[in-house]
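Asker:
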Amino acid sequence: QVQLVESGGGLVQPGGSLRLSCVASGSIVSSNAMGWYRQAPGKERDLVAQITSGGSTNYADSVKGRCTISRDNAKNTVYLQMNSLKPEDTAVYYCKLTSWFTGMDYWGKGTLVTVSS
């Protein structure tokens, strides 16, 4: 069974940085598409960044130049490095794995990022 556990969220001041981590079990991150999504209060869950099994990356326009998605195959972990954080980045951040074999999506429980002075 695939399980995803996010960590690294917290309270940060505007302009600060955070690195989110997503540790996967039950599946190999390098073999699947992985993504970070976020959901602010009262809003829909939106894509932040994704990385394919081939290593291609894609970012939402709102975070381009400020965020970097990466993975550590040895640790079976995907990261989201976020810099120059803004109050509008405040949200619960979720990790998603899309199985190359079944096409199913698996989600973590999320980690809260709050950007505030």
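Take the sequence shown: its position 68, counting from 1, is numbered 136 in my numbering, and each next residue is one higher.
In this text, a Cβ means the ideal position worked out from N, Cα and C, and glycines have one as well.
Just so you know, these numbers come straight off a predicted model, no measurement behind them.
Quick one: Cα of G76 to Cα of Y162, how far?
Answerer: Within the sequence shown, residue 76 is the residue found at index 8, counting from 1. Within the sequence shown, residue 162 is the residue found at index 94, counting from 1. Spanning the two alpha carbons is a distance of roughly 11 Å.
Asker: State the Cα-Cα distance for the pair W168 and E112, rounded to the nearest angstrom.
Answerer: Residue mapping note: residue 168 aligns to position 100 of the sequence shown, counting from 1. Residue mapping note: residue 112 aligns to position 44 of the sequence shown, counting from 1. So the alpha carbons of these two residues sit roughly 25 Å apart.
Asker: Please go through the same chain and pick out, in chain order, the residues whose beta-carbon is closer than 6 Å to the beta-carbon of Q118, but skip the five residues on each side of it.
Answerer: As a working note, residue 118 is residue 50 in the sequence shown. These residues qualify, in order along the chain: G103 and N126.
Asker: Taking Q107 as the reference, which of K177, S184 and V97 has the closest Cα?
Answerer: Stepping through the sequence shown from its first residue, residue 107 is reached at position 39. For the residues K177, S184 and V97, the minimum Cα distance to Q107 belongs to K177.
Asker: Compare the C-alpha of R87 against each of Y147, G110 and P109 and name the closest.
Answerer: Residue numbering aside, residue 87 sits at position 19 when the sequence shown is read from its first letter. Selected option, being the one with the closest Cα: Y147.
Asker: Count the other CB atoms, across all protein chains shown, that sit within 10 Å of the CB of S184; report buried if there are 16 or more and exposed otherwise.
Answerer: By one-based count along the sequence shown, residue 184 stands at place 116. Per the 10 Å Cβ criterion, exposed.
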